[in-house]
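Peer 1: Just so you know, the protein sequences line up as chains A and B, in that order. When we follow the working numbering, the leftmost residue of the first sequence carries the number 20, and every step to the right adds one. When we follow the working numbering, the leftmost residue of the second sequence carries the number 113, and every step to the right adds one. Note that CB positions come from ideal geometry on N, CA and C, so glycine has one too.
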Amino acid sequence: MESLGMLLDSPMLKSFVSWSSWVWPVCEIVHFVGMALLLGAVGLLDLRLLGVAKGLPVAQVQRLIPMGVLGYVLSVMTGIVFVSGDPFFPAVDKLNNLAFELKMLFMLLAGLNVLAFYLTGVARVANALAPGHDAPLSAKVIAGTSLFLWIGVIYFGRMIMYADVLYTQF
Amino acid sequence: MEFLTWLENSGLGTWVRESPSVWAYTGLISFHAFGLAFVVGLSWMIALRVLGVAPGLPLAPMEKFFPLIWFAFWVNAASGAVLLISNAAKDLTNPVFFTKIAFVVFGVVTLRLLKNEVFRDPAGLKTTAATTKAKIVAVALLASWAGAIVAGRLVEYPVLFGLDRLR
Numbered sequence: 020m021e022s023l024g025m026l027l028d029s030p031m032l033k034s035f036v037s038w039s040s041w042v043w044p045v046c047e048i049v050h051f052v053g054m055a056l057l058l059g060a061v062g063l064l065d066l067r068l069l070g071v072a073k074g075l076p077v078a079q080v081q082r083l084i085p086m087g088v089l090g091y092v093l094s095v096m097t098g099i100v101f102v103s104g105d106p107f108f109p110a111v112d113k114l115n116n117l118a119f120e121l122k123m124l125f126m127l128l129a130g131l132n133v134l135a136f137y138l139t140g141v142a143r144v145a146n147a148l149a150p151g152h153d154a155p156l157s158a159k160v161i162a163g164t165s166l167f168l169w170i171g172v173i174y175f176g177r178m179i180m181y182a183d184v185l186y187t188q189f
Numbered sequence: 113m114e115f116l117t118w119l120e121n122s123g124l125g126t127w128v129r130e131s132p133s134v135w136a137y138t139g140l141i142s143f144h145a146f147g148l149a150f151v152v153g154l155s156w157m158i159a160l161r162v163l164g165v166a167p168g169l170p171l172a173p174m175e176k177f178f179p180l181i182w183f184a185f186w187v188n189a190a191s192g193a194v195l196l197i198s199n200a201a202k203d204l205t206n207p208v209f210f211t212k213i214a215f216v217v218f219g220v221v222t223l224r225l226l227k228n229e230v231f232r233d234p235a236g237l238k239t240t241a242a243t244t245k246a247k248i249v250a251v252a253l254l255a256s257w258a259g260a261i262v263a264g265r266l267v268e269y270p271v272l273f274g275l276d277r278l279r
């Protein structure tokens, strides 16, 4: 774990963060903007699959996903700054942080969920849904899982700073 | 000022700050983050659609998302109010906090304006292109919630504005 942590430390990013006291808060702001874009786009698709706003054709809802991907990229980029570019804490501290570990796990599961959506053919069935039609159960399970996992990512992300409390909460 | 300190030290304020309960500080900030994701995320998606992203997406059915957006807003208003009580003396003497609230007010106003402009006229909804006024409101909405996010984060960094945080 120690050597993985050392691999993740980036002197370049640490000096970037140290360059101005504005860098870290601006990265946090961009991180939240990315989160809003991601949850907005993915959340809207998940909600449609779960039956909200059935008048929307699913294939057209998917056209908002690139905004969600943009949000995801912004969040990952700033997330890397937080892990590798923190001048006060080495990356290994995050690796040993239960909330961070669970956040990464939930992100991994969310990624697998997305793969399942596309690789099992559920996406194809969903895209063919005309307005007014309900999505099949498989799509609803994937959509519900997606919402649960991304909300979990937000929760564990918030708890990174309070990880010691996490141990007492469940 | 004494009133603010009294608020902070009230039973509720103290409990929020010191209890390890999942409903106290950590739970409240978590719910505040969930609410933020849905209010800003969903309203941004509607605003982006009005501005021409995913133009094949019909506008009318998107009205169905408003109840959820308002529900998420009230989750944030409630969690925000309780968080404010527990931190009253610091927040209510911080101009950045008032800036955040101003942006939130703009966000709510632009959201209502957008709803009325885009969804009130059923004949207007038959076209998939939004009116110019709707597009202006959509840009204002994007900016308002962006401002709320920016100010919301900067509340915790008063030093950046030369504000003395030592009391």
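Give the residues from the segment 246 to 266 of chain B that approach chain A closer than 9 Å (Cβ to any Cβ), ordered along the chain.
Peer 2: Correct list: TRP257, ALA258, ILE261, VAL262, GLY264, ARG265, LEU266.
Peer 1: Residues in the segment 185 to 199 of chain B with C-beta within 9 Å of chain A's C-beta atoms, listed in sequence order?
Peer 2: Within the segment 185 to 199 of chain B, no residue qualifies.
Peer 1: With a threshold of 6 Å on Cβ separation, who are the neighbours of B/PRO167 within its own chain once the five nearest residues in sequence on each side are excluded?
Peer 2: Walking along the second sequence from the start, residue 167 of chain B turns up at place 55. No residues qualify anywhere along the chain.
Peer 1: Closer than 7 Å, Cβ to Cβ, to anything on chain A: give me those residues from the segment 195 to 226 of chain B, in chain order.
Peer 2: Of all residues in the segment 195 to 226 of chain B, none has a Cβ within less than 7 Å of some Cβ in chain A.
Peer 1: Find the residues of chain A that neighbour B/ILE181, judging by a C-beta separation of less than 7 Å, and give them in chain order.
Peer 2: Looking up residue 181 of chain B in the second sequence gives position 69. By Cβ distance, chain A contributes nothing, its closest Cβ being about 10 Å from B/ILE181, past 7 Å.
Peer 1: The ligand ZN and B/LEU163: does the residue's C-beta get closer than 7 Å to at least one heavy atom of that ligand?
Peer 2: Within the structure as shown, the ligand ZN is missing, as the structure has no ligands at all.
Peer 1: Give a yes or no on whether the minimum CB-CB distance between B/ALA242 and chain A is below 8 Å.
Peer 2: If you number the second sequence from 1, residue 242 of chain B lands on position 130. Not closer than 8 Å to any Cβ of chain A, the Cβ of B/ALA242 fails to qualify, so no.
Peer 1: By DSSP, does A/PHE107 sit in helix, in strand, or in coil?
Peer 2: For the purposes of this step, residue 107 of chain A is taken as residue 88 along the first sequence, with counting starting at 1. Coil.
Peer 1: Can A/LYS73 and A/PRO150 be called in contact, C-beta distance under 8 Å?
Peer 2: On the first sequence, position 54 is the one that residue 73 of chain A refers to. On the first sequence, position 131 is the one that residue 150 of chain A refers to. Against a cut-off of 8 Å, the Cβ pair of A/PRO150 and A/LYS73 comes out as a contact.
Peer 1: Considering only the beta carbon of each residue, do B/ALA193 and B/GLU120 sit closer than 8 Å?
Peer 2: Looking up residue 193 of chain B in the second sequence gives position 81. Looking up residue 120 of chain B in the second sequence gives position 8. Not a contact, by the Cβ cut-off of 8 Å.
Peer 1: Closer than 8 Å, Cβ to Cβ, to anything on chain B: give me those residues from the segment 43 to 68 of chain A, in chain order.
Peer 2: Answer set for the segment 43 to 68 of chain A: PRO44, GLU47, ILE48, PHE51, VAL52, MET54, ALA55, LEU56, LEU57, LEU58, GLY59, ALA60, GLY62, LEU63, LEU66.
Peer 1: Can you look up A/LEU75 in the DSSP assignment and give me helix, strand or coil?
Peer 2: Taking the first residue of the first sequence as 1, we reach residue 75 of chain A at position 56. Of the three classes helix, strand and coil, the one that applies to A/LEU75 here is coil, per DSSP.
Peer 1: Buried or exposed: which applies to B/PHE273, given that a residue is buried once 16 or more other Cβ atoms fall within 10 Å of its Cβ?
Peer 2: Position 161 of the second sequence, counting from 1, holds the residue named residue 273 of chain B. With fewer than 16 Cβ atoms within 10 Å of its Cβ, B/PHE273 is classed as exposed.
Peer 1: Please report the straight-line C-alpha distance between A/LEU148 and B/PRO207, rounded to a whole angstrom.
Peer 2: Taking the first sequence and counting its residues from 1, the one referred to as residue 148 of chain A is at position 129. Taking the second sequence and counting its residues from 1, the one referred to as residue 207 of chain B is at position 95. Approximately 50 Å, taken between the alpha carbons.
Peer 1: Would the beta-carbon of B/ALA250 fall within 8 Å of that of B/VAL165?
Peer 2: Taking the first residue of the second sequence as position 1, residue 250 of chain B is located at position 138. Taking the first residue of the second sequence as position 1, residue 165 of chain B is located at position 53. Contact flag unset, no.
Peer 1: When the distance is taken between beta carbons, is A/LEU121 closer than 8 Å to A/MET86?
Peer 2: What you label residue 86 of chain A is simply residue 67 of the first sequence in a count that begins at 1. What you label residue 121 of chain A is simply residue 102 of the first sequence in a count that begins at 1. The answer is no: Cβ separation not under 8 Å.
Peer 1: If A/PHE35 sits next to A/VAL45, beta carbons under 8 Å apart, how far is it from one beta carbon to the other, in whole angstroms?
Peer 2: What you label residue 35 of chain A is simply residue 16 of the first sequence in a count that begins at 1. What you label residue 45 of chain A is simply residue 26 of the first sequence in a count that begins at 1. 11 Å between Cβ atoms; not a contact.
Peer 1: Does DSSP put B/THR222 in a helix, in a strand, or in coil?
Peer 2: Start at 1 with the first residue of the second sequence, and residue 222 of chain B comes out as number 110. Helix.
Peer 1: For B/VAL152, return the contacting residues in chain A, with the cut-off set at a CB-CB distance below 8 Å.
Peer 2: Here the question's residue 152 of chain B lines up with position 40 in the second sequence. Going along chain A in sequence order, the residues near B/VAL152 (Cβ under 8 Å) are ALA55, GLY59.
Peer 1: Can you look up B/SER131 in the DSSP assignment and give me helix, strand or coil?
Peer 2: Translated into positions along the second sequence, residue 131 of chain B becomes position 19. Correct three-state label for B/SER131: coil.
Peer 1: Between which two residues does the alpha helix (DSSP H) holding B/MET157 run?
Peer 2: Along the second sequence, one-based indexing puts residue 157 of chain B at 45. Where B/MET157 is concerned, the enclosing alpha helix (DSSP H) stretches over 137 to 162.
Peer 1: Looking at chain A, is there any beta carbon in it that lies within less than 8 Å of the beta carbon of B/SER122?
Peer 2: Here residue 122 of chain B refers to the residue found at position 10 of the second sequence. Closer than 8 Å: no.
Peer 1: Do we get a CB-CB distance below 8 Å when we pair B/PRO270 with the residues of chain A?
Peer 2: Residue 270 of chain B sits at position 158 when you count from the first residue of the second sequence. By this cut-off, B/PRO270 is not an interface position.
Peer 1: So A/SER165 is in the alpha helix (DSSP H); what residue range does that whole segment cover?
Peer 2: As a first step, residue 165 of chain A is located in the first sequence; it is residue number 146 there, counting from the start. Residues 156 to 178.
Peer 1: Would you list, in sequence order, the uninterrupted alpha helix (DSSP H) runs of no fewer than 4 residues that lie entirely inside the segment 76 to 144 of chain A?
Peer 2: With a minimum length of 4 residues, the continuous alpha helix (DSSP H) runs that stay inside the segment 76 to 144 of chain A are 77 to 80, 84 to 103, 110 to 114, 117 to 138.
Peer 1: Alpha carbons only, please: which of A/LEU89, A/ILE173, A/GLY62 is nearest the one belonging to A/ALA162?
Peer 2: Your numbering for residue 162 of chain A matches position 143 in the first sequence. Ranking the options by Cα distance to A/ALA162, first place goes to A/GLY62.
Peer 1: Hey, how far is the Cα of B/MET113 from the Cα of B/SER133?
Peer 2: For the purposes of this step, residue 113 of chain B is taken as residue 1 along the second sequence, with counting starting at 1. For the purposes of this step, residue 133 of chain B is taken as residue 21 along the second sequence, with counting starting at 1. Distance between the alpha carbons of B/MET113 and B/SER133 is about 28 Å.
Peer 1: What do you get for A/ALA158, buried or exposed, if any count of 16 or more other CB atoms within 10 angstroms of its CB means buried?
Peer 2: In the first sequence, counting from the first residue as 1, residue 158 of chain A sits at position 139. The residue in question, A/ALA158, is buried, as its Cβ has 16 or more Cβ neighbours within 10 Å.
Peer 1: So A/TRP38 contacts chain B; which residues on that side make the cut at Cβ distance below 8 Å?
Peer 2: Locating residue 38 of chain A in the first sequence gives position 19, counting from the first residue. Neighbours of A/TRP38 on chain B: none; closest Cβ ~14 Å, over 8 Å.
Peer 1: Please list the terminal residues of the continuous alpha helix (DSSP H) segment that includes B/VAL267.
Peer 2: Within the second sequence, numbered from 1, the residue matching residue 267 of chain B stands at position 155. Careful: B/VAL267 lies outside any alpha helix (DSSP H) and carries neither H nor E.
Peer 1: Going by Cα to Cα distance, which pick from A/GLY70, A/LEU68, A/MET54, A/ASP65 is closest to B/TRP156?
Peer 2: The residue given as residue 156 of chain B occupies position 44 in the second sequence. Among A/GLY70, A/LEU68, A/MET54, A/ASP65, the Cα nearest to that of B/TRP156 is on A/MET54.
Peer 1: Measure the CB-CB distance between B/ILE261 and A/VAL52 and report whether it falls below 8 Å.
Peer 2: As a position in the second sequence, residue 261 of chain B is number 149, starting the count at 1. As a position in the first sequence, residue 52 of chain A is number 33, starting the count at 1. Their beta carbons are under 8 Å apart, which means B/ILE261 touches A/VAL52 by this criterion.
Peer 1: With a CB to CB cut of under 6 Å and the five nearest residues on each side skipped, what residues in its chain are close to A/ALA118?
Peer 2: Your numbering for residue 118 of chain A matches position 99 in the first sequence. Closer than 6 Å at the Cβ level, and outside the excluded window around A/ALA118, lie PHE175, MET178, ILE179, ALA182, LEU185.
Peer 1: What residues from chain B crowd round A/THR187, counting only those whose CB sits closer than 8 Å?
Peer 2: Looking up residue 187 of chain A in the first sequence gives position 168. Going along chain B in sequence order, the residues near A/THR187 (Cβ under 8 Å) are PRO132.
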